[in-house]
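J.:
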Amino acid sequence: MFYSPQDGHPFRHNPFKALVAPRPIGWIATRAKNGEENLAPYSFFNAVSDEPLIVMFSSGGEKDSLTFARESGCFVAHSVSEAMFDTMNQSSATYPRGVSEIAATGLQCVDAEKVDAPRLVDAPSALECVVTQVQQPLDRNGNASSYWMVFGEVVGVHIHDDYLTDQGRFDSTKAALMARCGYLDYAIADHIVEKKRPKEP
471 MFYSPQDGHP
481 FRHNPFKALV
491 APRPIGWIAT
501 RAKNGEENLA
511 PYSFFNAVSD
521 EPLIVMFSSG
531 GEKDSLTFAR
541 ESGCFVAHSV
551 SEAMFDTMNQ
561 SSATYPRGVS
571 EIAATGLQCV
581 DAEKVDAPRL
591 VDAPSALECV
601 VTQVQQPLDR
611 NGNASSYWMV
621 FGEVVGVHIH
631 DDYLTDQGRF
641 DSTKAALMAR
651 CGYLDYAIAD
661 HIVEKKRPKE
671 P
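So the sequence shown is numbered by the working numbering: it starts at 471 and just counts up by one.
1. Going by the beta-carbon positions, is the gap between Phe-621 and Gln-603 smaller than 7 Å?
2. In the DSSP assignment, find the alpha helix (DSSP H) that holds Thr-575 and state where it starts and stops.
3. Glu-743 bridges to which residues according to DSSP?
4. Measure from the alpha carbon of Pro-566 to the alpha carbon of each residue in Glu-507, Val-550, Asp-520 and Val-546, then state which is nearest.
5. With DSSP as the reference, label Leu-654 as helix, strand or coil.
6. Could you give the uninterrupted runs of the beta strand (DSSP E) lying entirely in the region 509 to 559, keeping only those of 3 residues or more?
7. Pull up the distance between the alpha-carbon of Lys-487 and that of Ala-593, whole angstroms please.
8. So, using beta-carbon positions, are Ile-662 and Thr-643 closer together than 7 Å?
9. Around the Cβ of Val-624, are there at least 16 other Cβ atoms within 10 angstroms (buried) or fewer (exposed)?
10. Compute the beta-carbon to beta-carbon distance between Ala-499 and Arg-589, rounded to the nearest angstrom, for a pair I have assumed lies under 8 Å.
11. Is it true that the CB of Ala-645 sits closer than 7 Å to the CB of Ala-657?
12. Ends of the beta strand (DSSP E) at Ser-595?
13. Between the C-alpha atoms of Met-471 and Asn-613, what's the straight-line distance to the nearest angstrom?
14. Who are Gly-496's beta bridge partners in DSSP?
15. Near Arg-501, what residues of its chain come up, given a Cβ to Cβ distance below 7 Å and the 5 sequence neighbours on each side ignored?
16. Can you tell me whether Tyr-473 is buried or exposed? The criterion is at least 16 other CB atoms within 10 Å of its CB, across all chains shown.
17. Roughly how many angstroms lie between the CA atoms of Val-627 and Thr-575, to the nearest whole one?
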């Protein structure tokens with residue numbers, strides 16, 4: 471099976487997101503200059519550098535997460551456990567302007583340590599980030615996408631003690647981290663395989 475996406479696809483639903491999967495979910499918390507807070511899950515999210523530590527989330531259109539991150543120059547990216555799955559999904563609903571998803575879902579949050587944004591207390595991990603770039607990806611003809619990529623350098627790391635092993639490793643399976651697949655599908659990190667890299671030939 472082959473098709474050119476520029477000509478459409480022969481399926482009932484576009485398979486693209488199912489092909490680039492599973493994708494980690496970045497549960498992005500931001501605060502506007504006027505104090506409004508926003509919380510939204512993004513599956514177009516990932517680490518893009520580990521020296522320095524940089525993550526990126528991509529927003530379809532100019533949503534509050536993008537607007538608030540631009541205003542404040544920061545955001546906090548949380549991972550999502552299976553225990554928080556339903557709440558995370560609820561936070562993706564469209565609330566009226568001025569209604570905080572954090573308050574609407576009853577999540578407990580505190581101020582981040584190093585950036586002006588809220589942090590979810592019960593999330594498996596939280597990355598406090600300072601915005602370094604905001605840009606639109608371009609197609610092969612140089613035309614801007616409707617998406618906006620927000621890059622942030624990690625300046626603070628929180629790891630929930632419940633998910634740290636005695637060896638000081640983060641236990642993804644105990645946290646049962648959620649990831650996004652295509653369609654309405656999600657994956658749960660309940661099976662991890664370890665393999666050493668091959669020796670140089």
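Glycine residues also receive a C-beta, built at the ideal position from the N, C-alpha and C atoms.
T.: Judging by the given coordinates:
1. Position 151 of the sequence shown, counted from the first residue, corresponds to residue 621. Position 133 of the sequence shown, counted from the first residue, corresponds to residue 603. Going by C-beta atoms, Phe-621 is nearer than 7 Å to Gln-603.
2. Your numbering for residue 575 matches position 105 in the sequence shown. Here the alpha helix (DSSP H) through Thr-575 covers 571 to 575.
3. Not covered by the structure: residue 743. The range shown for the chain is 471 to 671.
4. The residue you call residue 566 lines up with position 96 of the sequence shown. Comparing Cα positions, the closest option is Glu-507.
5. As a working note, residue 654 is residue 184 in the sequence shown. Of the three classes helix, strand and coil, the one that applies to Leu-654 here is coil, per DSSP.
6. 515 to 520, 523 to 530 and 544 to 548
7. Within the sequence shown, residue 487 is the residue found at index 17, counting from 1. Within the sequence shown, residue 593 is the residue found at index 123, counting from 1. Distance between the alpha carbons of Lys-487 and Ala-593: 25 Å.
8. Indexing the sequence shown from 1 puts residue 662 at position 192. Indexing the sequence shown from 1 puts residue 643 at position 173. Result yes, Cβ atoms of Ile-662 and Thr-643 sit closer than 7 Å.
9. Taking the first residue of the sequence shown as position 1, residue 624 is located at position 154. So Val-624 counts as buried.
10. Taking the first residue of the sequence shown as position 1, residue 499 is located at position 29. Taking the first residue of the sequence shown as position 1, residue 589 is located at position 119. Contact holds; Cβ gap of about 7 Å.
11. Within the sequence shown, numbered from 1, the residue matching residue 657 stands at position 187. Within the sequence shown, numbered from 1, the residue matching residue 645 stands at position 175. No.
12. Sequence index remark: in the sequence shown, residue 595 carries index 125 (1-based). 595 to 605 is the extent of the beta strand (DSSP E) around Ser-595.
13. Within the sequence shown, numbered from 1, the residue matching residue 471 stands at position 1. Within the sequence shown, numbered from 1, the residue matching residue 613 stands at position 143. Cα-Cα distance, rounded: 28 Å.
14. In the sequence shown, residue 496 corresponds to position 26, counting from 1. Looking at the DSSP assignment, Gly-496 forms a beta bridge with Tyr-512.
15. Within the sequence shown, the letter at position 31 stands for residue 501. Result list for Arg-501: Glu-507, Phe-538, Ser-542, Asp-586, Ala-587 and Pro-588, in chain order.
16. In the sequence shown, the residue the question calls residue 473 occupies position 3. Result: exposed.
17. Along the sequence shown, one-based indexing puts residue 627 at 157. Along the sequence shown, one-based indexing puts residue 575 at 105. Val-627 and Thr-575: Cα-Cα distance of roughly 24 Å.
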